[in-house]
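Enquirer: First residue of the sequence shown? That's 1 in full-length UniProt numbering, and the numbers climb one at a time after it.
Even glycine gets a Cβ: it sits at the ideal position worked out from N, Cα and C.
My structure is below; once you've seen it, I'll send some questions.
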Amino acid sequence: MANSEYEYVKREFEFDRRLPASNWIVVRIDGCHFHRFSKIHAFEKPNDENALRLMNACATSMLEKFPDIVFAYGVSDEYSFVFREETEFYQRRESKILSICVSYFTSVYGMKWKDFFPNKDLREPPYFDGRVVCYPNMKTIHDYLAWRQVDCHINNHYNTCFWMLVKSGKTEKEAQQTLKGTFSEDKNELLSQQFQVNYEDEPAMFRKGSSVYRDKVETKVKTDDYGNPIKRIRLAITVSNLDIIGPEFWGKHQYILQEGKYRYEYVKKFDDIRRLPCCNWIVVRISACQFDKFSLIHSFDKPNDETALSLMNASASLMMEQFPDIIFGYGFSNEYSFVFQENTELYQRNERLILSSCSSWFTSFYMMKWKEYFPSKELVQPPKFEAEVLCYPKPKIVCDYLSWRQAECHNRNQYNTCFWMLVKSGEDENKANEILKVFFHHLNIFPILLINSLVICCP
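Written out as structure tokens, the structure is:
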């Protein structure tokens, strides 16, 4: 597309943060306001097995979609995804990795909801935030995963006791007071003596969380001439609820990660928080990924599908309702930009939380509004959106950014209008591209003349 005078806003202000090479990338996704979400949807306490299995199904889909994820660990409403050390996923661009992972996870959660809750409608959109952390070696990856499993045990042990007390008649405040200052042995004694429960008999998924990885399994590939099965070792995505703190699991699965020592608390130091500069206008630009394929699968009209654009607008309107600090939104085609007020303190200006939450919310709104705009079309593939966070110090630059996006809208739409008129007139797509290469190298009047001639030829 042709350059415009406003494109300096991209060159000078957009970030292109790439994660350091030779580091293991971990994306941790957390449910936002899931206390409220679980209450609205009447999840069982302390653990809802169907809700946990839904999270596991989403994690499995992540490994199917993104082959560079080698291991995932989840508990409650969070999941951590470990990418292979040498991954070049989206050229290691942090904003793309984070937003796409969170968006796709959110999308799958919405699509698979009915598989696990067939008798419950999704009453409000789920959304997730996320963070990206880099770890320099195998030891820190082991320690990170050990830390998360220890956290799973501590939280589940407490919650098991807490909800036993509440269900026995205590108020939530009384239950909190009873458990205040207790140690692991005290909790085990409480469960045993008051409720005749052995904590070790609780389901492993609750106590240890869930690990998702590609396991080596023996698979029948064919039969020989005598009818005997011929088997081969294949990698298959597996969900397990095993101890990943000690060496036994990693000793048996050295092809996933190498064995290391298992101290874990210091890994929090790697999780740096990036805060966006104050007195700057924050712009979040959300763009659909692989939308050519998505629009083809769902038979969107070309060059513009009015219903699809209305769905994007509806999702943007809900974003402004959800985030009062958004003062302006501008969108075209498969992208939307949201301008936050200059002094916003959304998530204390934490870049990762803003990025991931906006991406997740927009995805969730898009999913929930789909049937309203396409009542006769099933959503056959989960949409996913990437996001970028931009900071601009002056209102003039924000205006120039928006002017740039509108200039881009004009350029793209003019090209696409010509392209699809040529295709509809009988040209194949390659020929249409060749014709437009010639026209768009000249003044803007030529595309206009081309459109007019095509309108005459194609009444």
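1. Below 6 Å CB to CB, which residues in the same chain sit around LYS302 once its five sequence neighbours on both sides are set aside?
2. Residue range of the alpha helix (DSSP H) that VAL133 falls in?
3. Evaluate GLN258 with the Cβ neighbour count: other Cβ atoms within 10 Å of its Cβ, from every protein chain shown; 16 or more gives buried, anything less gives exposed.
4. Does the region 369-386 come close enough to the region 346-353 that 3 or more CB-CB pairs lie under 8 Å?
5. Can you give the Cα-Cα distance for VAL70 and ALA236, rounded to whole angstroms?
6. Using the rule of at least 16 other Cβ atoms within 10 Å of the residue's Cβ for burial, across every protein chain shown, is GLU335 buried or exposed?
7. What's the gap between the Cα of ILE282 and the Cα of TYR6?
8. Three Cβ pairs or more, each shorter than 8 Å: is that satisfied between the region 73-80 and the region 18-31?
9. To the nearest angstrom, report how far apart CYS457 and VAL423 are at their CA atoms.
10. How many angstroms separate the CA atom of GLN91 from the CA atom of LYS216?
11. Contact between the region 45-60 and the region 107-121 is defined here as three or more beta-carbon pairs at a separation below 8 Å; is this criterion met?
12. Could you please give the first and the last residue of the uninterrupted beta strand (DSSP E) stretch that includes PRO229?
13. For ASP68, which residues in the same chain have their Cβ closer than 7 Å to its Cβ, ignoring the five residues on either side in sequence?
14. Across the region 318-325 and the region 355-371, are there enough close Cβ pairs to call them in contact, namely three or more that are closer than 8 Å?
15. Given LYS187, which residues of its chain have a CB within under 6 Å of its CB, disregarding the five upstream and five downstream residues?
16. Would you identify the three-state DSSP class for VAL217, choosing helix, strand or coil?
17. Going by CA-CA distance only, name the one from ARG36, ASN198, LYS170, ILE397 that's closest to TYR127.
18. I'd like to confirm the pairing. Which residues does DSSP put opposite SER287 in its beta bridges?
19. VAL9 by DSSP, collapsed to three states: which one?
20. Is CYS101 closer than 7 Å to LEU19 when the C-beta atoms are compared?
21. With a threshold of 7 Å on Cβ separation, who are the neighbours of ASN47 within its own chain once the five nearest residues in sequence on each side are excluded?
22. Quick one: is CYS418 buried, meaning 16 or more other Cβ sit within 10 Å of its Cβ, or exposed?
23. Using CA atoms only, rank isn't needed, just tell me which of LYS293, LEU346, GLN414, ALA407 is closest to VAL380.
24. Going by DSSP, which residues form a beta bridge with ASN350?
25. Does DSSP put LEU454 in a helix, in a strand, or in coil?
26. Measure the Cβ-Cβ separation of PHE332 and SER103 and say whether it is below 7 Å.
27. Can you tell me whether ARG17 is buried or exposed, with buried defined as 16 or more other CB within 10 angstroms of its CB?
28. Rounded to the nearest angstrom, what separates PHE13 and ALA72 at their Cα positions?
29. Apart from the five residues on each side of it in sequence, which residues of its chain come closer than 8 Å, Cβ to Cβ, to ALA42?
30. Would you mind stating whether GLY329 and PHE340 have Cβ atoms separated by less than 7 Å?
31. Buried or exposed for PHE105, going by 16 or more other Cβ atoms inside 10 Å?
32. For a minimum of 4 consecutive residues, which ranges assigned as the alpha helix (DSSP H) are wholly contained in the region 77-149?
33. In the structure shown, what three-state DSSP assignment does ASP30 receive?
34. In this structure, how does DSSP classify GLY329 when only helix, strand and coil are distinguished?
35. Helix, strand or coil, according to DSSP, for THR223 in the structure here?
36. Roughly how many angstroms lie between the CA atoms of GLY74 and THR140, to the nearest whole one?
Expert: Looking at the coordinates:
1. Residue mapping note: residue 302 aligns to position 302 of the sequence shown, counting from 1. Correct list, in chain order: TRP420.
2. Position 133 of the sequence shown, counting from 1, holds the residue named residue 133. For VAL133, there is no enclosing alpha helix (DSSP H); the residue is found in the beta strand (DSSP E) stretching over 128-135.
3. Taking the first residue of the sequence shown as 1, we reach residue 258 at position 258. Because the pLDDT of GLN258 is 49, which lies under 50, any placement of that residue in the model is unreliable, and the question is left without a value.
4. Fewer than three beta-carbon pairs drawn from the region 346-353 and the region 369-386 are found closer than 8 Å, and the two stretches are therefore not classed as touching.
5. Locating residue 70 in the sequence shown gives position 70, counting from the first residue. Locating residue 236 in the sequence shown gives position 236, counting from the first residue. Linking VAL70 to ALA236 through their CA atoms gives a straight-line distance of about 12 Å.
6. Mapped onto the sequence shown, residue 335 falls at position 335. Buried, by the Cβ-count rule.
7. The count along the sequence shown starts at 1 and reaches residue 282 at position 282. The count along the sequence shown starts at 1 and reaches residue 6 at position 6. C-alpha separation (whole angstroms): 18 Å.
8. Flag = yes, the region 73-80 and the region 18-31 touch.
9. Reading the sequence shown from its first residue, position 457 is the one you call residue 457. Reading the sequence shown from its first residue, position 423 is the one you call residue 423. Because CYS457 carries a pLDDT of 46, less than 50, the predicted location of this residue cannot be relied on, and no value is offered for it.
10. Indexing the sequence shown from 1 puts residue 91 at position 91. Indexing the sequence shown from 1 puts residue 216 at position 216. In this model, GLN91 and LYS216 are separated by some 29 Å (Cα to Cα).
11. Contact holds: three or more Cβ-Cβ distances are below 8 Å.
12. Counting from 1 along the sequence shown, the entry for residue 229 is found at position 229. It spans 229-240 - the beta strand (DSSP E) in which PRO229 sits, taken as one unbroken run.
13. Translated into positions along the sequence shown, residue 68 becomes position 68. Counting only Cβ-Cβ distances below 7 Å, and skipping sequence neighbours, we find PHE83, ARG84, THR87, PHE89.
14. Touching, per the Cβ criterion.
15. Position 187 of the sequence shown, counting from 1, holds the residue named residue 187. Cβ neighbours of LYS187 beyond the five flanking positions: HIS157, CYS161.
16. Position 217 of the sequence shown, counted from the start, is the residue given in the question as residue 217. VAL217: strand per DSSP, three-state reduction.
17. For the purposes of this step, residue 127 is identified with residue 127 of the sequence shown, where counting begins at 1. In terms of Cα proximity to TYR127, the closest of ARG36, ASN198, LYS170, ILE397 is ARG36.
18. Position 287 of the sequence shown, counted from the start, is the residue given in the question as residue 287. Note: SER287 sits in a beta bridge opposite GLU335, GLU386.
19. What you label residue 9 is simply residue 9 of the sequence shown in a count that begins at 1. Of the three classes helix, strand and coil, the one that applies to VAL9 here is helix, per DSSP.
20. If you number the sequence shown from 1, residue 19 lands on position 19. If you number the sequence shown from 1, residue 101 lands on position 101. No, the Cβ-Cβ distance between LEU19 and CYS101 is not below 7 Å.
21. The residue given as residue 47 occupies position 47 in the sequence shown. Result list for ASN47: PHE206, in chain order.
22. To locate residue 418, count along the sequence shown from 1; it is residue 418. Burial call: buried.
23. Position 380 of the sequence shown, counted from the start, is the residue given in the question as residue 380. With distances taken between Cα atoms, VAL380 lies closest to LYS293.
24. As a position in the sequence shown, residue 350 is number 350, starting the count at 1. Per the DSSP secondary-structure output, ASN350 pairs in a beta bridge with ARG275.
25. Translated into positions along the sequence shown, residue 454 becomes position 454. Reliability fails at LEU454, whose pLDDT of 48 lies under 50, so the model's placement of it is uncertain and no value is given.
26. Here the question's residue 332 lines up with position 332 in the sequence shown. Here the question's residue 103 lines up with position 103 in the sequence shown. Taking 7 Å as the Cβ cut-off, PHE332 and SER103 do not qualify as a contacting pair.
27. In the sequence shown, counting from the first residue as 1, residue 17 sits at position 17. Answer is exposed; the Cβ neighbour count stays below 16.
28. Here the question's residue 13 lines up with position 13 in the sequence shown. Here the question's residue 72 lines up with position 72 in the sequence shown. CA-to-CA, the gap between PHE13 and ALA72 works out to about 34 Å.
29. To locate residue 42, count along the sequence shown from 1; it is residue 42. Counting only Cβ-Cβ distances below 8 Å, and skipping sequence neighbours, we find LYS120.
30. Locating residue 329 in the sequence shown gives position 329, where the first residue counts as 1. Locating residue 340 in the sequence shown gives position 340, where the first residue counts as 1. No; because the gap between Cβ atoms is not below 7 Å, this pair is not in contact.
31. Numbered from 1 along the sequence shown, position 105 holds the residue referred to as residue 105. With 16 or more Cβ atoms within 10 Å of its Cβ, PHE105 is classed as buried.
32. List check, alpha helix (DSSP H) in window: 94-116.
33. The residue you call residue 30 lines up with position 30 of the sequence shown. Reduced to three states, the DSSP call for ASP30 is strand.
34. Numbered from its first residue, the sequence shown carries residue 329 at position 329. Of the three classes helix, strand and coil, the one that applies to GLY329 here is strand, per DSSP.
35. The count along the sequence shown starts at 1 and reaches residue 223 at position 223. In the structure shown, the three-state DSSP call for THR223 is strand.
36. Taking the first residue of the sequence shown as 1, we reach residue 74 at position 74. Taking the first residue of the sequence shown as 1, we reach residue 140 at position 140. Each residue's alpha carbon lies about 18 Å from the other.
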